[in-house]
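K.L.:
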Amino acid sequence: MDAKRTGELIAQCRKARGLSQGELASRLHVTDKAVSKWETGVSHN
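So the sequence shown is numbered by my numbering: it starts at 10 and just counts up by one.
1. Looking at the unbroken alpha helix (DSSP H) that takes in V44, where does it start and where does it end?
2. What number of angstroms, rounded off, separates the C-alpha of V51 from the C-alpha of H38?
3. Under DSSP, the alpha helix (DSSP H) around S35 begins and ends at which residues?
4. For V44, which residues from the same chain have a beta carbon less than 7 Å from its beta carbon, with the 5 sequence-adjacent residues on both sides left out?
5. Consult DSSP for N27 and reduce its assignment to one of helix, strand or coil.
Structure representation (structure tokens):
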């Protein structure tokens, strides 16, 4: 799975649960910027 498709999946799942990027980030103990990068496919880590 490529980074763009993975990001789309993360965003879809997050939105289905009614979470903001900040809320998801808090639950995962990462920054909201990290979640944004994941969702846009910028981060490959």
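Built from N, CA and C at the ideal position, the CB exists for glycine as well.
P.N.:
The answer reads as follows:
1. Residue numbering aside, residue 44 sits at position 35 when the sequence shown is read from its first letter. It spans 41 to 49 - the alpha helix (DSSP H) in which V44 sits, taken as one unbroken run.
2. Taking the first residue of the sequence shown as 1, we reach residue 51 at position 42. Taking the first residue of the sequence shown as 1, we reach residue 38 at position 29. The alpha-carbon atoms of V51 and H38 are separated by roughly 19 Å.
3. Taking the first residue of the sequence shown as 1, we reach residue 35 at position 26. First-last of the alpha helix (DSSP H) with S35: 30 to 37.
4. As a working note, residue 44 is residue 35 in the sequence shown. Q30, L33, A34, listed in sequence order.
5. The count along the sequence shown starts at 1 and reaches residue 27 at position 18. With the sequence shown as reference, residue 27 is identified as Gly, and Asn is not the correct amino acid for it. Of the three classes helix, strand and coil, the one that applies to G27 here is coil, per DSSP.
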